[in-house]
Each structure stands twice: as C-alpha cells, then as structure tokens.
Amino acid sequence: MMMTTRRIYVLTVTFLLSVAAVAQDKDFGIWYGVSGEHKINKKLELNVSTEVKTFRNASKIEEAFIEGGLGYNFNKYFAADGSYRLSKCIEDNNSYYFRHKFYLDFKGSLPVGNFSFSARLRFQTQTKTFIKNDRDKQPDYTGRIKLKAVYKTPVFPVNPYVYAEAFSPMFSDKTRTIEKIRYSAGLEFKIVKNHSVELGYIFQRDYLPHVSDMSIASVNYNIKF
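Quick note: the sequence shown uses the numbering used here, first residue 5, plus one each step.
Put into structure tokens, the structure is as follows:
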C-alpha cells in the first residue's frame with residue numbers, strides 16, 4: 005500500500021504541475037502553505053497558518069502572511085470562525101507593505117456516504133498601509149462563498165476534492181457583483197496520524213480592474229496538534 009500511495013503522490017504532483025503549465029493564460033504561480041489545528045475542547049479549536057504566494061510565472065513573491073483564529077463548533081454540522089491575518093504584499097511601487105485582514109466565517113458540512121459536502125460564508129475586511137489615493141485609506145469589505153466536495157477514499161489515505169469560491173465586493177460603488185472567482189481540484193494525502201499534505205490546482209479569474217486569469221499550483225502541509 006505504501007508503494008502504491010507513493011506512486012499516486014508522484015503521478016499527482018506531475019499531473020498537477022503539467023496541467024498548470026499548459027493551462028496558464030496570463031500568469032502562473034505557486035502557493036506554499038503550512039497550517040495547524042488544535043482542539044482546545046469539544047467545541048473550541050485554535051487555527052494557525054502561514055503561506056507564501058508567488059506570481060509572474062512563480063518567479064516573484066506576491067504575498068506572504070501569517071494567520072490565526074478561533075473556531076466554535078455548534079454541532080457536527082455547523083461552526084463559526086473568527087481570524088486575523090497579517091500579510092505583506094507587493095504594491096504598485098514594487099515594494100512590500102503590510103495589510104491587515106479580519107475574517108468572520110460561518111461553515112456547514114454534510115457527510116453523504118463517502119462524500120463530504122461543505123459550504124462556507126466568509127465576511128472579510130482589509131486595510132492597507134500603502135496609500136496611493138483616498139480610496140486606499142478606507143477599509144475594503146468582501147463577501148465570499150465557497151462550496152467544496154471531498155471524497156473519502158475507503159482503501160487509500162488519499163482524498164480527492166473540488167471546490168469553487170466567489171468573491172463579492174460589499175459597501176462599495178463597484179459595478180460588478182463578482183470581482184473574483186476560483187475553481188480548484190486536488191488531493192489530500194494522509195502521511196501519518198495528524199499529518200497530511202494537500203496538492204491542488206487553482207484557476208483564478210479576476211474581473212477588476214480588468215479581466216485577468218491565473219493558474220496556481222498549491223502545496224499545503226496540515227498538522228493537528
């Protein structure tokens with residue numbers, strides 16, 4: 005089983021990177037992340053994560069962040085999270101500046117056989133430290149809806165998943181209802197107890213200020229402690 009899992013791992017990495025290279029239209033990037041989850045009690049859990057995002061054909065860092073928050077499980081189907089992210093992003097002057105983000109999430113999940121379906125409604129606010137015009141002085145509010153399906157493979161510790169996420173500007177004069185959308189497919193690999201790796205391909209389309217597409221290969225290491 006171990007040899008089979010390793011072969012699946014190698015083939016998946018090769019496939020995802022090949023698809024990402026071929027599928028790129030405007031740009032290509034790689035996102036590297038590490039996330040941790042600690043169950044404080046039956047209802048409360050601590051979540052921390054860090055990630056580096058690249059662009060310009062993965063040659064330059066676009067954003068690096070660290071994030072932490074608390075989640076509360078009302079029951080096995082419904083939960084709510086609150087978190088804060090401190091990031092450093094490249095701005096129009098090609099230098100890096102801090103950004104502050106706050107999130108409030110409402111999440112629901114439903115197991116159906118070997119499938120797990122979930123939905124997340126996220127409200128986020130972002131403030132910038134790089135001020136180019138008066139608009140940059142105002143917080144940016146966004147609503148996000150994410151739908152995800154995971155198949156729990158009975159035989160191997162490999163779970164394929166797909167998801168879609170839409171970003172909508174809030175409390176602004178922007179004319180578009182959807183400013184960004186993401187589609188993703190990937191695999192979750194359980195390495196040992198409480199440790200897993202997630203490999204995925206993301207197609208991202210930004211509509212504002214103009215239409216631009218990006219293909220992304222994502223690699224994330226997950227720990228439960």
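Where is the CB? At the ideal position from N, CA and C, for every residue including glycine.
Using 8 Å for Cβ pairs, my map puts residue i next to residue j. What's the rounded Cβ distance?
i	j	result
residue 124	residue 107	Contact doesn't hold; Cβ gap of about 10 Å is too wide.
residue 151	residue 168	5 Å
residue 137	residue 85	Between residue 85 and residue 137 the Cβ distance is about 33 Å, and since that is not below 8 Å, they are no contact.
residue 99	residue 111	Their Cβ separation, rounded to whole angstroms, is 36 Å, which puts residue 99 and residue 111 out of contact at 8 Å.
residue 134	residue 101	4 Å
residue 92	residue 218	Incorrect: roughly 19 Å between the Cβ atoms, too far for contact.
residue 143	residue 129	5 Å
Is DSSP giving residue i helix, strand or coil here?
i	result
residue 141	helix
residue 86	strand
residue 157	coil
residue 191	strand
residue 215	coil
residue 26	Its pLDDT being 48, under 50, residue 26 is placed unreliably by the model, and nothing is read from it.
residue 60	coil
residue 119	strand
residue 176	coil
CA-CA distance, residue i and residue j?
i	j	result
residue 119	residue 180	34 Å
residue 55	residue 90	11 Å
residue 203	residue 53	16 Å
residue 146	residue 63	28 Å
residue 24	residue 113	Model confidence at residue 24 stands at a pLDDT of 48, short of 50, so the residue's coordinates are unreliable; what they give is reported in the following sentence. Cα to Cα, residue 24 sits roughly 29 Å from residue 113.
residue 158	residue 105	38 Å
residue 166	residue 194	17 Å
Starting from the Cα of residue i, find the closest Cα among the options and give me that residue.
i	options	result
residue 199	31, 42 and 175	42
residue 214	188, 36 and 184	184
residue 196	149, 161, 218 and 216	161
residue 33	88, 117, 58 and 201	58
residue 76	61, 109 and 66	109
residue 210	224, 187 and 176	187
residue 37	48, 178, 139 and 201	201
residue 78	47, 222 and 178	47
Ordered along the chain, which non-local residues of its own chain (more than five positions away) have a Cβ less than 6 Å from that of residue i?
i	result
residue 72	52
residue 26	At residue 26, the pLDDT of 48 sits below 50, so the modelled position is not reliable; the number obtained from the coordinates is stated separately. Taken in chain order, the list of residues that qualify is empty.
residue 164	155 and 191
Does residue i come within less than 8 Å of chain D when only Cβ atoms are used?
i	result
residue 111	Considering every chain present, this structure includes no chain D. It has just one protein chain.
So, at 7 Å on beta carbons, what are the nonlocal neighbours of residue i in its own chain, with the 5 sequence-adjacent residues on each side left out?
i	result
residue 174	145, 146 and 147
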